[in-house]
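Peer 1:
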Amino acid sequence: MLERIDRINGGRMELWLNIRDITHSVVEKFKLHPLSEEAVATYTLPMTGRSPEVGEMSERVTPQAMQSPMAIPPEGIRKNFWIDPRGGMKSPHLHLDGKIFMLEEEVYREFSKQLINNVQKRISAAGAIQFNQLLEVSEASIGL
Amino acid sequence: MKYTISLTQNCNLACSYCYIDKKPDVMSLDIALEIVEQIFAFTPAGEVVDIGFFGGEPLLHFSLLKEIVTRVRSHPRCHAHPIVFSITTNGTIFNKEIAEFLGENEVVLCISCDGPAAVHDSCRRFADGRGSFAAVEKNILLARKILPRVWVNAVYQPQTLLLLPGVVEYLFSLDVERIYLNPDYSAPWTECDSQALAPVYAAIGEQYIEKISTGRAQYVSLIDSKLAAIIKDGYALHERCRMGQKEFAFSASGHIYPCERLIGAGADNQHCIGHISSGMTKIRSCSKIDISKNSNSACAACALAQYCVNWCGCSNFFSTGRYDFAGPFLCASEKAAICTALHVFQTLESLFGKEVFEKIISVADPNPLDKAAELY
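Taken in sequence, the protein lines are chains C and G.
Its first residue numbered 1, the first sequence is counted upward by one per residue in my numbering.
Its first residue numbered 1001, the second sequence is counted upward by one per residue in my numbering.
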């Protein structure tokens, strides 16, 4: 079922692969339990719809829609709603090995701390392209 | 798959920074219909067909645009794909009829507006020298009344960089759904300009925080795209430039390019990779394009590379003359934007706790135009 939900709601793997190490450490540290597939399916899963801030809420994806091999919205829905390829679960959660883990405040803090530390370290170690390199680039481009 | 259709390279404006090689040619209906056929033949079933109308000024030829949209919607293979339409316009040619058609056909409207009158009219003028601000502002307000989704694209240059927070404040006041801030990469940016980026972006970050804190969140590309990159620890492969592979642009004459910004740019039609009459399967490979890496050695060693758009082939071309070689201004801009986004994230987190995800996600939903943020 999770695979079908992914197909309806857009890609998921790419989102979390890069922070797998952080996710894994948080799941291990707090011994989190994954949501059951049934629980996942109860979340709102917008396939098409206007964004909430402009008014009209999304069409809900029905169980029948999730069974559809192509997960293509019926013509009536597509005609009347903007495509919104966002996923459905807006509450903080993590994906790991095909499982979904909800985040309580304490767990979120740990996850966030690791995420921010990671970015801060990268900023400190960042390099820079110097402006005098432009001349070098121009000369290199002549040979192309 | 992303396809951009340039209905014409003609335009009723003469913006000082325009890179389009203006020509009076208009796409024929035959060429347009062939493009529609090729799009459906080339796109794998189930994959999104993202069609953008571009120019020149596409609304100079609204009837052709209508015909294309209608043909796409009635195509036998239309139901095998989610369809996304968008149009980028200078906002001077607009009326209720156009707005209603765009709304009925779910065409996302993106209007170019560089900010308040003094900023906008310094570059975006009619051929006779008159500023276009008054017409553009009127039409944005009209569009806001009729359409649920109105986006604005603002270009900034060295001479308007310091005015950017004022530009954002003005664009916030228009209450558009999304604000895209795009530097003119071809401008003569200096090291001095790059040093001004951090405080300017930081000021925009503070405006963004204030906006979202008061419950009036609006998407600002400079902030939201980097928030997304931070949360995901980098751009996913499918979000990066796919020029000439999953992104194609068609000129009015039916020539095919790897990106709409490269139509007519450069010498001797150097970016052209084929013609629609030969079919999408026979396009010339972009031998100089390797989107998997940036050739600048400074990028390879940079710890921020995964959060950076140094893979944007057209931005690189306009800054350095090479698709695969990022320039110093892009580098400085990306670093300043990442630092700003991190500060925004930490501040919002201190205000909203774990609900920061929901706050950010409600704004930074995926953009069918730049694929910058696929968060949930």
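Beta carbons: idealized from backbone N, C-alpha and C, even for Gly.
(1) Would you check if there are 3 or more beta carbon pairs closer than 8 Å linking the stretch 1203-1216 of chain G to the stretch 1239-1257 of chain G?
(2) Rounded to whole angstroms, what is the Cα-Cα separation between residue 1294 (chain G) and residue 1332 (chain G)?
(3) Inspect the beta-carbon positions of residue 1342 (chain G) and residue 19 (chain C) and report whether they are closer than 8 Å.
(4) If residue 1327 (chain G) and residue 1320 (chain G) are in contact, beta carbons under 8 Å, what's the gap, nearest whole angstrom?
(5) For the alpha helix (DSSP H) that contains residue 1193 (chain G), what are its first and last residues?
(6) List, in order along the chain, the chain G residues whose C-beta lies closer than 7 Å to that of residue 112 (chain C)?
(7) Within the 8 Å Cβ cut-off, does residue 127 (chain C) reach chain G?
(8) Check each residue of the stretch 1101-1126 of chain G: if its Cβ is closer than 7 Å to any Cβ of chain C, include it; give the result in chain order.
(9) Return the chain-ordered list of same chain residues with a C-beta closer than 6 Å to the C-beta of residue 1021 (chain G), the five sequence neighbours on each side being excluded.
(10) Would you please verify whether the beta carbon of residue 34 (chain C) is less than 8 Å from any beta carbon of chain G?
(11) Based on the DSSP output, what are the partners of residue 1241 (chain G) in its beta bridges?
(12) For the beta strand (DSSP E) containing residue 1100 (chain G), name the first residue and the last one.
(13) Along chain C, in chain order, which residues have C-beta atoms closer than 9 Å to that of residue 1342 (chain G)?
(14) Could you confirm whether any beta carbon from chain G is found closer than 8 Å to the beta carbon of residue 103 (chain C)?
(15) With three or more beta-carbon pairs closer than 8 Å as the criterion, would you say the stretch 1166-1175 of chain G touches the stretch 1185-1202 of chain G?
(16) Terminal residues of the continuous beta strand (DSSP E) containing residue 1316 (chain G)?
(17) Do you know offhand how far residue 1316 (chain G)'s Cα is from residue 1052 (chain G)'s?
(18) What residues in its chain sit with their C-beta under 8 Å from that of residue 1011 (chain G), if we drop five residues either side in the sequence?
(19) Could you pull out every residue in the same chain whose Cβ sits closer than 6 Å to the Cβ of residue 1027 (chain G), ignoring the five residues on either side in sequence?
(20) Taking the alpha carbon of residue 105 (chain C) as the reference point, which residue from G:1125, G:1355, G:1134 has its own alpha carbon closest?
Peer 2: A quick look at the data gives this:
(1) Counting Cβ pairs under 8 Å, fewer than three are found: no touch.
(2) If you number the second sequence from 1, residue 1294 (chain G) lands on position 294. If you number the second sequence from 1, residue 1332 (chain G) lands on position 332. Whole-angstrom Cα-Cα distance: 16 Å.
(3) Reading the second sequence from its first residue, position 342 is the one you call residue 1342 (chain G). Reading the first sequence from its first residue, position 19 is the one you call residue 19 (chain C). Against a cut-off of 8 Å, the Cβ pair of residue 19 (chain C) and residue 1342 (chain G) comes out as no contact.
(4) Mapped onto the second sequence, residue 1327 (chain G) falls at position 327. Mapped onto the second sequence, residue 1320 (chain G) falls at position 320. Taking 8 Å as the upper bound for CB-CB distance, residue 1327 (chain G) and residue 1320 (chain G) are in contact here, some 5 Å apart.
(5) Sequence index remark: in the second sequence, residue 1193 (chain G) carries index 193 (1-based). DSSP places residue 1193 (chain G) in the uninterrupted alpha helix (DSSP H) bounded by 1191-1213.
(6) Counted from its first residue, the first sequence places residue 112 (chain C) at position 112. Residues of chain G passing the Cβ test: 1349.
(7) For this step, residue 127 (chain C) is matched to residue 127 along the first sequence. Answer yes: the Cβ-Cβ gap between residue 127 (chain C) and chain G drops below 8 Å somewhere.
(8) For the stretch 1101-1126 of chain G, which is checked against every Cβ of chain C, the residues closer than 7 Å are 1106.
(9) Start at 1 with the first residue of the second sequence, and residue 1021 (chain G) comes out as number 21. Closer than 6 Å at Cβ, skipping near neighbours: 1264.
(10) Translated into the one-based positions of the first sequence, residue 34 (chain C) becomes position 34. Using beta-carbon distances, residue 34 (chain C) does not count as an interface residue toward chain G, since no partner is under 8 Å.
(11) On the second sequence, position 241 is the one that residue 1241 (chain G) refers to. Beta-bridge pairing links residue 1241 (chain G) to no other residue.
(12) The residue given as residue 1100 (chain G) occupies position 100 in the second sequence. Per DSSP, residue 1100 (chain G) lies in no beta strand (DSSP E) segment; the continuous alpha helix (DSSP H) that holds it begins and ends at 1096-1104.
(13) Taking the second sequence and counting its residues from 1, one reaches residue 1342 (chain G) at position 342. Simply 116, 119, 120, 123.
(14) Along the first sequence, read from residue 1 onward, the residue named residue 103 (chain C) stands at position 103. Yes - at least one Cβ of chain G is within 8 Å of the one on residue 103 (chain C).
(15) The stretch 1166-1175 of chain G, when compared against the stretch 1185-1202 of chain G, does not touch it at the 8 Å Cβ threshold.
(16) The residue you call residue 1316 (chain G) lines up with position 316 of the second sequence. Unbroken run through residue 1316 (chain G) is the alpha helix (DSSP H), 1313-1320; no beta strand (DSSP E).
(17) Position 316 of the second sequence, counted from the start, is the residue given in the question as residue 1316 (chain G). Position 52 of the second sequence, counted from the start, is the residue given in the question as residue 1052 (chain G). Our two residues, residue 1316 (chain G) and residue 1052 (chain G), have alpha carbons roughly 22 Å apart in a direct line.
(18) Sequence index remark: in the second sequence, residue 1011 (chain G) carries index 11 (1-based). Excluding residues up to 5 positions away in sequence, 1018, 1020, 1022, 1055, 1056, 1057, 1060, 1090 lie with their Cβ nearer than 8 Å to the Cβ of residue 1011 (chain G) in the same chain.
(19) Mapped onto the second sequence, residue 1027 (chain G) falls at position 27. Once the five neighbours on either side are set aside, the close Cβ partners of residue 1027 (chain G) are 1007, 1252.
(20) Against the first sequence, residue 105 (chain C) aligns to sequence position 105. The shortest C-alpha separation from residue 105 (chain C) is found at G:1355.
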